[in-house]
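J.:
Numbering (full-length UniProt numbering), first residue to last: 1 to 307.
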């Protein structure tokens, strides 16, 4: 009787451990799943954006009072100069907020914004800082200088740090997806997508199907080209695509591993984006050339209409 009870207890313990192990395996698999990683990253992105914007609004509200006092000077409360002084700081702050809202989207998709965006942020910060600290500097008040310098500096730090943080979150999501399927699977996925696009665009193009594949060039020939000038500062997706295009051979399928080989220091997620962009360009160029060869009457008709 006691032996049967012991066996039953052992069997129950083994079953519980087996169920716990299976549950732990499912939790571990779901934790590293790209969709779960993307969901958590988006939640983190929302929390980060919320904290950034709350700090930004508080800092701008603090500076608005100081700027109003700077602009109103000795105007009587309620007078027209005193009321119009409240419009000066919101005018500068709204421009800065508009730029940050635009960068919230461009940084999400890693799109280059251009030099004028940074110039606008720097000018808005400089204007806000000068108007906030003019009186403390004129009286050489150290406590007032520190007090009125903190909010504008916080605004500038948020404006500079927020795009970088959003880009890193995006790269984390893409890297999780790439690591889940591996580099080889990623290259096969790019190849299958490229072949599917060619088949969908040109289902009956014998010239493209019968054209022999061009031999790949050796690595020594590709390295003999002049290397692209390294760009100082932060590099965007367009910069990496331009650098990879210098080494790309027409007809050669681009994989993330190939991009990392020719562009040292590039991240896994960014290398996949560069490979997808180059492969898409190759498909578009091949499609355009094939359509022009398949329908030679189209350019002639266009020339006759122009004449």
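The beta carbon of each residue, even a glycine, is placed where N, CA and C say it ideally should be. Computed from a predicted model, the values in this text were never measured in an experiment.
If the criterion is Cβ atoms closer than 8 Å, does the pair residue 163 and residue 103 meet it?
T.: Yes, the pair counts as a contact, with Cβ atoms nearer than the cut-off.
J.: If you draw a straight line from the C-alpha of residue 134 to the C-alpha of residue 100, how long is it?
T.: Going by the C-alpha atoms only, they are around 26 Å apart.
J.: How long is the line joining the alpha carbons of residue 275 and residue 125, rounded to whole angstroms?
T.: Each residue's alpha carbon lies about 38 Å from the other.
J.: What residues in its chain sit with their C-beta under 6 Å from that of residue 259, if we drop five residues either side in the sequence?
T.: Around residue 259: 244, 271, 274 and 275.
J.: What separation, rounded to the nearest whole angstrom, lies between the Cα atoms of residue 119 and residue 48?
T.: Each residue's alpha carbon lies about 24 Å from the other.
J.: Going residue by residue through the stretch 67-129, where are the continuous alpha helix (DSSP H) segments of at least 4 residues, counting only ones entirely within it?
T.: Those alpha helix (DSSP H) runs which fall completely within the stretch 67-129 and span 4+ residues are 80-84 and 88-106.
J.: Can at least three beta-carbon pairs, one atom from the stretch 25-40 and one from the stretch 131-151, be found at a separation below 8 Å?
T.: Not touching, per the Cβ criterion.
J.: Considering only residues of the same chain and omitting the five flanking positions on each side of residue 288, which have a CB-CB separation below 6 Å?
T.: The answer is none, since no qualifying residue turns up.
J.: Rounded to whole angstroms, what is the Cα-Cα separation between residue 113 and residue 94?
T.: Rounded to whole angstroms, residue 113 to residue 94 spans 18 Å at the Cα level.
J.: Does any heavy atom of the ligand PLP sit closer than 7 Å to the C-beta of residue 262?
T.: Absence of the ligand PLP from the depicted structure is noted, as is the absence of any ligand whatsoever, leaving it without description.
J.: How about residue 166 and residue 108: do their beta carbons lie closer than 8 Å?
T.: In this structure, residue 108 lies closer than 8 Å to residue 166 by Cβ.
J.: Less than 7 Å between C-beta atoms, sequence neighbours within five positions excluded: which residues of the same chain meet that for residue 92?
T.: Contacts found: 124, 127 and 128.
J.: Distance check for residue 122 and residue 156, CA to CA, integer angstroms please.
T.: So the two alpha carbons sit approximately 8 Å from each other.
J.: When the cut-off is 8 Å and only beta carbons count, does residue 127 lie next to chain D?
T.: Among the protein chains of the structure shown there is no chain D, as only one such chain exists.
J.: Considering only residues of the same chain and omitting the five flanking positions on each side of residue 72, which have a CB-CB separation below 7 Å?
T.: Same-chain partners within the cutoff: 81, 82 and 85.
J.: Can you tell me which of 262, 266, 254 and 257 puts its alpha carbon nearest to the alpha carbon of residue 236?
T.: Checked all of 262, 266, 254 and 257; the closest Cα to residue 236 is 266.
J.: Among 252, 261, 173 and 12, whose alpha-carbon lies nearest the alpha-carbon of residue 280?
T.: Checking every option, the nearest Cα to that of residue 280 belongs to 252.
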